[in-house]
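Sequential numbering of the sequence shown, starting at 1, is according to the numbering used here.
Backbone N, C-alpha and C fix where the C-beta goes; we use that ideal spot for every residue, glycine too.
Computed from a predicted model, the values in this text were never measured in an experiment.
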Amino acid sequence: MRRRQPRWILAGVLAMVIGALGSVALWTQLADTSSVLRLNRTVYRGDVIRAQDLSPVTVGRLNGLDVVPADAMGTVVGKPARTDIAEGGLLTRASVGREDLPAGRAIVGLRLPEGRVPRIPLEPGTPVLLVEATPDQSGAAAATRAFRAEINRAVESSYDQVATLVDVSVARRDAEDVARLAAAGRIILVRGS
Numbered sequence: 001m002r003r004r005q006p007r008w009i010l011a012g013v014l015a016m017v018i019g020a021l022g023s024v025a026l027w028t029q030l031a032d033t034s035s036v037l038r039l040n041r042t043v044y045r046g047d048v049i050r051a052q053d054l055s056p057v058t059v060g061r062l063n064g065l066d067v068v069p070a071d072a073m074g075t076v077v078g079k080p081a082r083t084d085i086a087e088g089g090l091l092t093r094a095s096v097g098r099e100d101l102p103a104g105r106a107i108v109g110l111r112l113p114e115g116r117v118p119r120i121p122l123e124p125g126t127p128v129l130l131v132e133a134t135p136d137q138s139g140a141a142a143a144t145r146a147f148r149a150e151i152n153r154a155v156e157s158s159y160d161q162v163a164t165l166v167d168v169s170v171a172r173r174d175a176e177d178v179a180r181l182a183a184a185g186r187i188i189l190v191r192g193s
């Protein structure tokens, strides 16, 4: 008859304990999941979030990240994005809702005809100049004033495809002048640095 060696018995017991602890850790990791919302397309600051932009995804523990649960989809649909959110990104509570305007700022919507806005992409946060174009004696446009601004919402084409729509943030003291000039078709948007 063979004698049992305590060293092998101890190794077997230790292997079982390590296996049990690993199983408990794996189960805890998998059991601690939640269903949250992710973006199906890139949403830019100011864009209204639509139901088709969102889908539920199951994720593990997200320490310190205040994500929107999938069952709260109705609370975010129809609200604007406060930040740019990349496709596939998780939706956080801080990235949804009306953006507070800084003191002394105003948002002005512009409808600019072709040739009055650069054709390069202008993302939210891009600094721009709004230049007043006043016809001179010969009928050519002459620049007279310029207003510093920042793109507030991604640039898009009008429904009739003949103009570009853009929301800009300007100093509150300039908002009325910019709006009047835009209504008169006398604004040229220049990409700043």
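Starting from residue i, trace the beta strand (DSSP E) both ways and give me its first and last residue.
i	result
Val67	Here Val67 belongs to no beta strand (DSSP E), and DSSP marks it neither H nor E.
Val96	Per DSSP, Val96 belongs to no beta strand (DSSP E) and is neither H nor E.
Ile187	187-191
Using three-state DSSP, classify residue i as helix, strand or coil.
i	result
Ala146	strand
Gly109	strand
Pro6	helix
Thr75	helix
Ala103	coil
Ala163	strand
Ala86	coil
Report the rounded CA-to-CA distance for residue i versus residue j, giving the unit in angstroms.
i	j	result
Asp100	Thr134	34 Å
Pro124	Tyr44	7 Å
Val128	Ala163	18 Å
Thr126	Gly19	55 Å
Glu156	Leu165	5 Å
Thr58	Ala106	40 Å
Gly74	Ile9	59 Å
Asn40	Leu54	6 Å
Gly46	Pro102	15 Å
Arg145	Ile120	23 Å
Gln5	Gly12	11 Å
Arg61	Thr42	24 Å
Arg116	Gly104	26 Å
Val68	Val36	6 Å
Thr33	Ala25	14 Å
Ala183	Arg148	18 Å
Glu114	Thr83	28 Å
Arg173	Gln52	39 Å
Ala15	Gly89	41 Å
Leu21	Arg7	21 Å
Gly185	Pro118	16 Å
Val17	Arg153	58 Å
My understanding is that residue i touches residue j, with C-beta atoms under 8 Å, so please give their C-beta distance in whole angstroms.
i	j	result
Val131	Ile49	Wrong, their Cβ atoms sit about 34 Å apart, outside the cutoff.
Ser213	Ala81	Lying before the first or after the last residue shown, residue 213 is absent from the chain, which here runs from 1 to 193.
Val108	Ala175	6 Å
Val168	Leu110	6 Å
Pro56	Ala70	4 Å
Asp66	Arg38	Not quite, the Cβ-Cβ distance comes to about 15 Å (not below 8 Å), so this is no contact.
Leu122	Ile151	5 Å
Val170	Val178	5 Å
Gly97	Lys79	6 Å
For the alpha helix (DSSP H) that residue i lies in, which residues bound it at each end?
i	result
Leu181	172-183
At which residue ranges does the segment 13-60 contain complete beta strand (DSSP E) runs of 3 or more residues, listed in the order of the chain?
Fully enclosed beta strand (DSSP E) runs of 3 or longer: 34-39, 54-59.
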